[in-house]
Structures are given as structure tokens and as C-alpha cells.
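Shown next, in C-alpha cells, is the structure this report addresses.
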Amino acid sequence: MSNTEGLTLLGSGKTEYKTDYAPELLETFENKHKDNDYWVRFNCPEFTSLCPITGQPDFAEIIISYVPDMKMVESKSLKLYLFSYRNHGDFHEDCVNKIMKDLIKLMEPKYIEVLGRFTPRGGISIHPFANYGRPGTKWEQVAFSRLTSRSAE
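If you're matching positions, the sequence shown starts at 1 in full-length UniProt numbering and goes up one per residue.
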């Protein structure tokens with residue numbers, strides 16, 4: 001099986017940008033290093049969404065780190081997925097948790113964490129953090145440990 005089999009967005013012609021929440025954009029490819037535990041980190045410094053109450057834009061840096069198992073998320077599909085939040089109304093905490101849950105459903109990683117560093121509005125910035133470790137494995141304890149030892153960002 002080719003490592004690119006099933007990928008429809010990478011290398012395609014003109015890119016279509018969805019402007020509302022579109023988890024169906026996410027695509028995976030096979031992890032060629034299943035025997036290794038290692039980190040993959042994505043940084044999206046230009047994430048935008050809308051406040052569900054005021055409709056005002058919210059800006060953030062979204063940092064996604066995960067330890068893959070069998071599947072990995074393809075980066076262009078992730079970029080388009082994150083862009084799809086552009087006109088989506090959700091609170092900061094909801095965006096971060098939704099991103100994490102969509103990626104868990106997609107990849108079934110051993111471990112994943114998502115941090116949102118939202119820019120201040122009204123003089124307050126919010127930095128929600130969500131994580132997950134596969135139940136019944138060492139990664140479940142890693143998740144608890146990382147969550148409870150988080151220092152102020």
C-alpha cells in the first residue's frame with residue numbers, strides 16, 4: 001500500500017477552503033514507524049473562529065502534539081480543517097476540545113494534547129488545554145500527569 005493512498009487533498013489542483021466547521025476534511029496516512037513512540041507537533045499560529053455570542057472574531061495559536069499509533073493526520077487536511085473554523089461560532093474551550101476529539105476519532109492516537117493560546121479580548125486571554133491518553137495504557141497516566149502538572153502558560 002502506498003503511503004499516499006487515499007489522500008485526496010495533498011497535491012490536488014485548486015484548493016477549496018471550507019468556511020464552516022468541516023471535520024470530514026481530515027485525512028490520514030499509515031504510520032511507518034509503529035514500533036517507535038515519538039511526538040508529532042503541529043503549530044497553527046493563525047487560527048480563527050467566531051465568538052458564538054457576539055460573532056466577533058477570535059484569534060489563537062493552536063498547538064497539537066500527539067504520539068501516533070497506526071495512523072497519522074495528513075498536514076494539508078489538518079490545515080484545511082483548522083481553517084474551517086473561520087466562520088464557526090464556538091467558545092475557546094469548545095474549539096480546543098472539539099479539535100482533540102475529532103483527531104482522536106480520526107487517528108486513535110496513543111496520546112494527544114491540544115493547546116489554544118487565544119489572544120486577549122476585553123483584557124483577558126484564555127489558554128485552554130485538553131489531552132487524552134489511551135485508556136488502559138501507560139499513555140492514560142501520561143495524560144493525567146501532564147494535565148495535573150501544567151504550569152501557567
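Glycine included, every Cβ here is placed at the ideal spot set by N, Cα and C. On a predicted model such as this, the values are computed, not experimentally measured, just so you know.
What does the alpha-carbon distance come out to for the pair residue i and residue j?
| i | j | result |
| --- | --- | --- |
| residue 60 | residue 133 | 24 Å |
| residue 100 | residue 44 | 14 Å |
| residue 14 | residue 91 | 31 Å |
| residue 86 | residue 147 | 28 Å |
| residue 153 | residue 28 | The predicted model places residue 153 with a pLDDT of 47, which falls under 50 and marks its position as unreliable, so this point remains unresolved. |
| residue 110 | residue 24 | 22 Å |
| residue 116 | residue 62 | 5 Å |
Would you list the residues sitting across from residue i in a DSSP beta bridge?
| i | result |
| --- | --- |
| residue 94 | Residue 94 is not bridged to any residue. |
Please confirm whether residue i and residue j have their CB atoms less than 7 Å apart.
| i | j | result |
| --- | --- | --- |
| residue 131 | residue 108 | no |
| residue 75 | residue 41 | no |
| residue 36 | residue 72 | no |
| residue 20 | residue 127 | no |
| residue 143 | residue 84 | no |
Within 7 Å of any Cβ in chain C, is that where the Cβ of residue i sits?
| i | result |
| --- | --- |
| residue 53 | Although the question refers to chain C, the structure presented lacks it and comprises just one protein chain. |
Measure how close the beta-carbons of residue i and residue j come, nearest whole angstrom, since I'm counting them as under 8 Å.
| i | j | result |
| --- | --- | --- |
| residue 58 | residue 150 | Actually they do not touch by this definition, with Cβ atoms about 21 Å apart. |
| residue 95 | residue 49 | 5 Å |
Entirely enclosed alpha helix (DSSP H) segments - the region 91-150, minimum 4 residues:
Correct list: 92-107 and 138-148.
Which complete beta strand (DSSP E) runs does the region 12-87 hold, if anything under 3 residues is left out? 28-30, 40-50, 57-67 and 71-73
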